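Novice: Convert by adding 52 to the 1-based position in the sequence shown; the result is the number in the numbering used here.
Yeah, the Cβ is synthetic: ideal placement off N, Cα and C, and Gly gets one too.
On a predicted model such as this, the values are computed, not experimentally measured, just so you know.
Pasting a structure below so you can have a look.
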Amino acid sequence: VFNTGIASQLVPVTVVPASFVQNQPAPARAGLIVNGGDEATTRNVGPLAGVVADDIFATAHPDFNIAVNGNLPGLAFGLDGLPIGDQLNLLSATSFNIFSDKSAPPNVSILAGNDTFGIVNSSIERIMLTPGNGVINLIGDNNDAAIDQTDNMVVVGRDVNGDQIGQNEMTIAINGSSPIMAQGVNFLNVFGFDLRTTNGGGPIDLTNPDINGFVDNPATGATADDIDTLDIRAYADDTPQGWGVEVNYNEGSPDAIDGDQSDLLIYRTSLYGGNVSEDIVIQPRGQEAGEINVTHAGFGTPIVDINYLNNLDIIVLDDDGSLNDTDSLTLRGTDPANPGASGLDDFIVNLTNAGTIAEPLVDVRDFNANASLYRLRTFYDALGNPTFNKLNIEGLGGSDGLNLIAGRNDGAVTINFDGGQPA
């Protein structure tokens, strides 16, 4: 135990791990409990002065749970919007897995790799994750096969470690939790369901950067308990430097059913890193599967690529507030060479719609399958104003059609349609 404010050792502690071993299955109680101090406020000297009180570093143990209690001070927020107070730094040689229940506030669980035991915390204002292999998994349904619940994951790319650069860094909030900070992230896997077993019944390797999760819990429409949302904002700057994070989102169940407020993928333009012009392209590869590809408009360099699966509705918002950048939105169809679709796409556009589950602005459909590939629910803000003044539509190969039911009566949105090479 050290006093980092004056760089002095307070109490030497030697832990004998074998004396704390807990039997499987993992009990809820902790085998080792660590308590922080009762400071009135944050430290005023030393590293992170004015931001951090106790600075605690912990690595999960494979044989027992650890509990960390920060005690005082209470929760407060700095001018950068991040919490200040006690900081718990969690280290893993591999990945981190994050899931939570639906309490208010939620009880958030963070486990390392394939470990059964983990580190729970209380009265901790700041959590910093550093995954050794760059993988973070956000898991729905409290990672419990017996639970189906709505899950809402909000991810913001930004600087979290004070180096003024947000590459490979982010904050994560799950089901209304306080933001969890993460650095050194290369792969972000998001699932709207638990990851207990594979389709064959075996365990899932949670250290794998490319997890192929098995949707084990079908939807129960009466409770709409499988409505899940990923709300994501990447980091970008004009160096140019992209986020450096590959994102995979599997919404899971329900299939082709959406809730009004949620159950979708929301992409927001970059807020941290300066005024960056982004070219945003939605590219389907089949029904409820595809990617959102974002590049720097000035340099053509990648910002982020988001692969999505089992997700129907998408919202794209240019809500960064910048007046010095020009962001673009392009909706694409499929190509006949793509085995997941016919290449015969219908773009049904009604810009007078409400932008809800019942009235999306754009429905992109496969003509042969008579089914939606994806739907752009809205690109309007909360007041109904478009956040893009141009909507680019590219049919690619095959015979594609634009069914423009209605445009806006104020002329605020121009539609550019390129049908591509006909079949």
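1. Enumerate, from N- to C-terminal direction, the unbroken beta strand (DSSP E) stretches of 3 or more residues contained entirely within the stretch 188-223.
2. Since G122 contacts D106 with CB under 8 Å, what's their CB separation in whole angstroms?
3. For the beta strand (DSSP E) holding G342, just list the boundary residues, first then last.
4. Helix, strand or coil: how does DSSP classify A234 here?
5. Report, in whole angstroms, the separation of the C-beta atoms of N220 and G296, which I expect to be a contact under 8 Å.
6. Taking the beta strand (DSSP E) that R248 belongs to, which residues open and close that run?
7. State the DSSP-derived secondary structure class of A464, mapped to helix, strand or coil.
8. Given this structure, state the Cα-to-Cα distance separating Q201 from D246, to the nearest angstrom.
9. Tell me the rounded alpha-carbon separation between V172 and N149.
10. Helix or strand or just coil, what does DSSP make of T275?
11. Taking C-alpha atoms, which residue in D90, P157 and A286 lies nearest to E330?
12. Return the Cβ separation of L316 and Y301 in integer angstroms, given the expectation that the two are a contact with Cβ distance under 8 Å.
13. For the stretch 446-457 against the stretch 422-432, do three or more pairs of beta-carbon atoms, one drawn from each stretch, fall closer than 8 Å, so that the two count as touching?
14. Rounded to a whole number of angstroms, what is the C-alpha to C-alpha distance between Q339 and G392?
15. Is I217 closer than 8 Å to V299 when the C-beta atoms are compared?
16. Please classify P125: is it buried, with 16 or more other beta-carbons within 10 angstroms of its beta-carbon, or exposed?
17. Counting Cβ pairs, one atom from each stretch, are 3 or more of them under 8 Å apart for the stretch 87-107 and the stretch 65-77?
18. Report the partner residues of R337 according to the DSSP bridge assignment.
19. Between L425, N402 and D215, which lies nearest to N461 when the distance is taken from Cα to Cα?
20. Ignoring anything shorter than 3 residues or poking outside the stretch 68-155, list the beta strand (DSSP E) runs there in chain order.
21. When you compare each of P255, Q76, I188 and A80 to A145 by their alpha carbons, which one comes out closest?
22. Would DSSP call N269 helix, strand or coil?
23. Does the Cβ-Cβ distance between V237 and T223 come in under 8 Å?
24. Starting from the Cα of I366, find the closest Cα among F116, G373, N376 and E303 and give me that residue.
25. With a floor of 3 residues, list each beta strand (DSSP E) that falls wholly inside the stretch 379-461, ordered by position along the chain.
26. Can you tell which of S175, P158, L282 and L240 has its C-alpha closest to the C-alpha of V206?
27. For my contact list, D397 and F419 are in at a C-beta cut-off of 8 Å; report their separation, rounded to the angstrom.
28. With DSSP collapsed to three states, give me the class of F469.
29. Going by the DSSP bridge assignment, what does A225 pair with across the sheet?
30. Within the same chain, show all residues whose beta-carbon is closer than 6 Å to that of L240, passing over the 5 residues directly before and after it, in chain order.
31. How far does the beta strand (DSSP E) with L258 in it extend, from its first residue to its last?
32. For V172, report the span of its beta strand (DSSP E) as first-last.
33. Given this structure, state the Cα-to-Cα distance separating D257 from V73, to the nearest angstrom.
34. In angstroms, rounded to a whole number, what distance separates the CA positions of L100 and D215?
35. DSSP state of V356, grouped into three classes?
36. Write down the C-beta distance between G192 and F243 rounded to the nearest angstrom, noting that I regard them as a contact closer than 8 Å.
Specialist: On the basis of the supplied data:
1. 203-209
2. As a working mapping, residue 122 is identified with position 70 in the sequence shown. As a working mapping, residue 106 is identified with position 54 in the sequence shown. Confirmed, Cβ separation roughly 6 Å.
3. Residue numbering aside, residue 342 sits at position 290 when the sequence shown is read from its first letter. Segment A341 to H348, the beta strand (DSSP E) holding G342.
4. Counting from one through the sequence shown, the residue named residue 234 turns up at place 182. DSSP, reduced to helix, strand and coil, places A234 within a strand of the structure shown.
5. Translated into positions along the sequence shown, residue 220 becomes position 168. Translated into positions along the sequence shown, residue 296 becomes position 244. That pair is a contact at about 5 Å.
6. Translated into positions along the sequence shown, residue 248 becomes position 196. Per DSSP, R248 belongs to no beta strand (DSSP E) and is neither H nor E.
7. Along the sequence shown, one-based indexing puts residue 464 at 412. If DSSP states are grouped into helix, strand and coil, A464 belongs with coil.
8. The residue labelled residue 201 in the question sits at position 149 within the sequence shown. The residue labelled residue 246 in the question sits at position 194 within the sequence shown. Taking the straight line joining both Cα atoms gives about 10 Å.
9. On the sequence shown, position 120 is the one that residue 172 refers to. On the sequence shown, position 97 is the one that residue 149 refers to. Roughly 13 Å between the two C-alpha positions.
10. For the purposes of this step, residue 275 is taken as residue 223 along the sequence shown, with counting starting at 1. At T275, the pLDDT of 47 sits below 50, so the modelled position is not reliable; the number obtained from the coordinates is stated separately. Residue state, collapsed to three classes: coil.
11. For the purposes of this step, residue 330 is identified with residue 278 of the sequence shown, where counting begins at 1. Considering only alpha carbons, the answer is A286.
12. Numbered from its first residue, the sequence shown carries residue 316 at position 264. Numbered from its first residue, the sequence shown carries residue 301 at position 249. Not confirmed; about 10 Å, so no contact.
13. no
14. Translated into positions along the sequence shown, residue 339 becomes position 287. Translated into positions along the sequence shown, residue 392 becomes position 340. Answer to the nearest angstrom: the Cα atoms are 8 Å apart.
15. Locating residue 299 in the sequence shown gives position 247, counting from the first residue. Locating residue 217 in the sequence shown gives position 165, counting from the first residue. Taking 8 Å as the Cβ cut-off, V299 and I217 do not qualify as a contacting pair.
16. For the purposes of this step, residue 125 is identified with residue 73 of the sequence shown, where counting begins at 1. Classification for P125: buried.
17. no
18. One-based indexing of the sequence shown puts residue 337 at position 285. According to DSSP, R337 bridges with nothing at all.
19. Against the sequence shown, residue 461 aligns to sequence position 409. The residue with the shortest Cα to Cα distance from N461 is N402.
20. The DSSP assignment places complete beta strand (DSSP E) segments of no fewer than 3 residues inside the stretch 68-155 at 84-87, 104-111, 118-121, 135-144 and 148-152, in order along the chain.
21. The residue labelled residue 145 in the question sits at position 93 within the sequence shown. The residue with the shortest Cα to Cα distance from A145 is I188.
22. What you label residue 269 is simply residue 217 of the sequence shown in a count that begins at 1. In this prediction, N269 scores a pLDDT of 47, lower than 50, which makes its location untrustworthy; no coordinate-derived value is stated.
23. Here residue 237 is taken as the residue at index 185 of the sequence shown, counted from 1. Here residue 223 is taken as the residue at index 171 of the sequence shown, counted from 1. Cβ atoms of V237 and T223: not closer than 8 Å.
24. Here residue 366 refers to the residue found at position 314 of the sequence shown. Comparing Cα positions, the closest option is E303.
25. 380-384, 397-402, 414-418, 423-430, 442-446 and 453-458
26. Taking the first residue of the sequence shown as 1, we reach residue 206 at position 154. The candidate whose alpha carbon is nearest that of V206 is L282.
27. Sequence index remark: in the sequence shown, residue 397 carries index 345 (1-based). Sequence index remark: in the sequence shown, residue 419 carries index 367 (1-based). Sure, about 7 Å apart at Cβ, within 8 Å.
28. The count along the sequence shown starts at 1 and reaches residue 469 at position 417. Strand at F469.
29. What you label residue 225 is simply residue 173 of the sequence shown in a count that begins at 1. Beta-bridge pairing links A225 to V206.
30. Residue 240 sits at position 188 when you count from the first residue of the sequence shown. Here the set comprises I188, V297 and V299.
31. Translated into positions along the sequence shown, residue 258 becomes position 206. No beta strand (DSSP E) holds L258; DSSP gives it neither H nor E.
32. On the sequence shown, residue 172 is found 120 positions in, with the first residue counted as 1. Counting along the chain, the beta strand (DSSP E) containing V172 begins and ends at I171 to S174.
33. If you number the sequence shown from 1, residue 257 lands on position 205. If you number the sequence shown from 1, residue 73 lands on position 21. Each residue's Cα considered, the two are about 23 Å apart.
34. As a working note, residue 100 is residue 48 in the sequence shown. As a working note, residue 215 is residue 163 in the sequence shown. Between L100 and D215, the C-alpha separation is close to 12 Å.
35. Locating residue 356 in the sequence shown gives position 304, counting from the first residue. The answer is strand: DSSP assigns V356 an E or B state.
36. Taking the first residue of the sequence shown as position 1, residue 192 is located at position 140. Taking the first residue of the sequence shown as position 1, residue 243 is located at position 191. Going by Cβ atoms, the distance from G192 to F243 rounds to 6 Å, so yes, they are a contact pair.
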